[in-house]
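> Below is the structure I would like to discuss, written out as structure tokens.
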Amino acid sequence: KNEVEQSPQNLTAQEGEFITINCSYSVGISALHWLQQHPGGGIVSLFMLSSGKKKHGRLIATINIQEKHSSLHITASHPRDSAVYICAARTAAGNKLTFGGGTRVLVKP
Amino acid sequence: EPEVTQTPSHQVTQMGQEVILRCVPISNHLYFYWYRQILGQKVEFLVSFYNNEISEKSEIFDDQFSVERPDGSNFTLKIRSTKLEDSAMYFCASSRPNGYTFGSGTRLTVV
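Sequence lines, in order, name chains A and B. FYI, the working numbering numbers position 74 of the first sequence as 463, with every residue one higher than the one before it. FYI, the working numbering numbers position 102 of the second sequence as 95, with every residue one higher than the one before it.
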């Protein structure tokens, strides 16, 4: 059974600060997803990673397959980045996602 | 950009009633899923559907639940005899090898 753990659970930053969210998982995966959930509840896919690093705007996601660890970085954070960020692991055996508990990010102006 | 569409956005039902949650996945996606999120908890996998049949289901997905793809576009989750603990946000999703897309969810409240 894959366990997915995130840290921290909550994070408050000042506008402009660099933010890092960590995710670790317990078994081999085919891909690691980073998702964003806004207060209304909807989930938006940010990245899907199977190796290395991806960048989209101010968001950077990295994964270390050997360490079973992934990070999501937000550079030059802005209040509109305030949301819950969730990592989810897709196992090699199937396509379902196992979710972490989420990191609630608040960026203050 | 293609979207996964879910209806209704909110549903309130009496305990013991049956509900049907509806989803229109992205047309060229191959796998379809239902997930749920009880308030304050992690998102949990319920069931995946491929090639017109269930490919995997969780322990949560018992006889109370069923899924159907009644035509070429809709994908439904039926919950029979709802219980208070079925109150949650239910997400439909669809996927291809290079990505996953979630619907905006149906908030189900059982009273």
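Heads up, the beta-carbon is just placed ideally off N, CA and C, and yes, glycines get one too.
Is A:R447 helix, strand or coil by DSSP?
Here A:R447 sits in coil by DSSP.
> For A:S439, count neighbouring C-beta atoms within 10 Å of its own C-beta (all shown protein chains included) and say buried if the count is 16 or more, exposed if not.
A:S439 is exposed by the Cβ-count criterion.
> Do B:R29 and B:Y93 have their C-beta atoms within less than 8 Å of each other?
Not in contact: B:R29 and B:Y93 (Cβ atoms no closer than 8 Å).
> Please report whether the beta-carbon of A:K442 lies at a distance below 8 Å from any beta-carbon of chain B.
Taking Cβ atoms only, chain B never reaches closer than 8 Å to A:K442, which makes this a no.
> How many angstroms separate the CA atom of A:T492 from the CA atom of B:R100?
When rounded, the distance between both Cα atoms is 21 Å.
> Go through the region 401 to 436 of chain A residue by residue and report every complete run of the beta strand (DSSP E) that reaches 3 residues or more, in order.
Entirely contained in the region 401 to 436 of chain A, the beta strand (DSSP E) runs reaching 3 residues are, in chain order, 408 to 414, 418 to 426.
> Residues in the region 24 to 38 of chain B with C-beta within 9 Å of chain A's C-beta atoms, listed in sequence order?
Under the 9 Å Cβ criterion, the region 24 to 38 of chain B contributes Y24, Y26, Y28, Q30, Q34, K35, V36, E37, F38.
> Counting Cβ pairs closer than 8 Å, one from the region 400 to 408 of chain A and one from the region 458 to 467 of chain A, do we hit at least three?
The region 400 to 408 of chain A vs the region 458 to 467 of chain A: in contact.
> Is the CB-CB distance between A:S419 and A:R479 below 8 Å?
Yes, these two residues count as a Cβ contact at 8 Å.
> Closer than 7 Å by beta-carbon distance: list the chain A residues that pair up with B:E49, in chain order.
In chain order: G483, K485.
> Would you say A:I432 lies against chain B (beta-carbon separation less than 8 Å)?
Yes - at least one Cβ of chain B is within 8 Å of the one on A:I432.
> Which word fits A:Q395, buried or exposed, when buried means at least 16 other C-beta atoms lie within 10 angstroms of its C-beta?
Buried, since its Cβ has 16 or more Cβ neighbours within 10 Å.
> Give every residue of the same chain whose Cβ lies closer than 8 Å to the Cβ of B:P63, excluding the five residues on either side of it in the sequence, and list them in chain order.
These residues qualify, in order along the chain: T69.
> Could you pull out every residue in the same chain whose Cβ sits closer than 6 Å to the Cβ of A:A450, ignoring the five residues on either side in sequence?
Closer than 6 Å at the Cβ level, and outside the excluded window around A:A450, lie W423, F436, L438, K443, L461.
> A:F488 touches chain B at which residues, Cβ-Cβ below 7 Å?
Those are K35, V36, listed as they occur along chain B.
> Using alpha carbons as the reference points, say which of B:L23, B:S80, B:P(-5), B:V40 lies closest to B:G33.
Measuring from the Cα of B:G33, the nearest candidate turns out to be B:S80.
> Cβ of A:H445 less than 8 Å from any chain B Cβ?
No, because no Cβ of chain B sits closer than 8 Å to the Cβ of A:H445.
> Can you check which of these residues, B:E46, B:S51, B:N45, B:I47, is closest to B:L39 by C-alpha distance?
The option with the nearest alpha carbon to B:L39 is B:S51.
> Counting only Cβ-Cβ distances shorter than 9 Å, please list the residues of the region 451 to 472 of chain A near chain B, keeping chain order.
Within the region 451 to 472 of chain A, no residue has a Cβ that lies closer than 9 Å to any Cβ of chain B.
> For the beta strand (DSSP E) that contains B:I72, what are its first and last residues?
Element bounds for B:I72: 68 to 72.
> Report yes if the C-beta of A:T480 is less than 7 Å from at least one heavy atom of the ligand FMN; otherwise report no.
What this structure holds is no ligand at all, so the ligand FMN is not there to describe.
> Is B:E46 helix, strand or coil when you go by DSSP?
Correct three-state label for B:E46: strand.
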